[in-house]
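The numbering used here applies: residue 12 is where the sequence shown begins, and numbers increase by one.
The next block holds one structure in the form of structure tokens; read it before the comments.
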Amino acid sequence: MKKSLALTAAVLLCTACAPAANTTPAPATSTVATASAPVSLSAGSGPQAPGGTVPATIGISWDQASKDAAVDTAQKAMTDFARPGVDEKQWANDLARWLTPQATADYSAVDPANVPATRVTGPATLTVDEANGYGVLAAVPTDAGTYILQLLRTGPEAPWKVNRLTPPAS
């Protein structure tokens with residue numbers, strides 16, 4: 012009984028200190044959205060950069076050395092990826108050196124035994140967007156078909172890193 016009385020007193024004390032709910036309805040207001048700047052168009056419908064011009068490569072130009080480095084990274088990454096018989100930990104550690112941090116996290120749960128490719132069968136070929144010096148796609152042929160690798164870099168001297176390995180279309 013004494014415990015029940017103390018509990019009731021504590022509840023009453025807490026509710027007395029709590030702010031009262033405001034039950035008055037808020038006044039009705041109408042809001043009209045207005046654009047704060049002109050709408051920019053998508054790449055296919057027009058420019059998005061100020062003044063209507065797009066910088067060529069935003070400071071990173073494509074040269075043969077950049078292309079060679081991207082091909083080399085794609086080849087090495089795919090070679091490390093296409094090893095389904097390797098121990099999971101070894102496979103993940105070997106592959107991680109070629110991956111972006113996001114890709115390292117994404118591929119850490121992959122069981123290499125589920126990778127259908129066992130070897131690279133030819134050289135990587137690039138699909139280069141001359142206006143984008145930060146990214147490139149590489150097609151790498153394997154015995155399970157051609158994988159498409161998305162490679163990214165953070166600057167002209169930064170190494171290429173694989174962000175995604177897309178398996179051949181079924």
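Think of the CB as a built atom: it goes at the ideal place given N, C-alpha and C, for glycine as much as any other residue.
In this text, all values refer to a predicted model and were calculated from it rather than measured experimentally.
Ala149 vs Leu160 beta-carbon contact at 7 angstroms: yes
Bridge-paired residues (DSSP) for Ile71: In DSSP, Ile71 forms no bridge with anything.
For Thr177, count neighbouring C-beta atoms within 10 Å of its own C-beta (all shown protein chains included) and say buried if the count is 16 or more, exposed if not. exposed
Where does Thr115 fall in DSSP's three states? helix
Continuous beta strand (DSSP E) stretch holding Ala149: start and end: Gly146 to Thr153
How would you write the range of the alpha helix (DSSP H) that Asn104 sits in, first residue to last? Glu99 to Ala107
Count the other C-beta atoms from every protein chain shown that fall within 10 angstroms of the C-beta of Gly63, then say buried if there are 16 or more, exposed otherwise. Since pLDDT at Gly63 reaches only 46, below the 50 mark, its modelled position is unreliable, and no value is offered.
Are the C-beta atoms of Lys87 and some chain B residue less than 7 angstroms apart? Among the chains of the structure shown, chain B does not appear; only one protein chain is present.
Would you mind reading off the limits of the beta strand (DSSP E) that contains Arg175? Lys172 to Thr177
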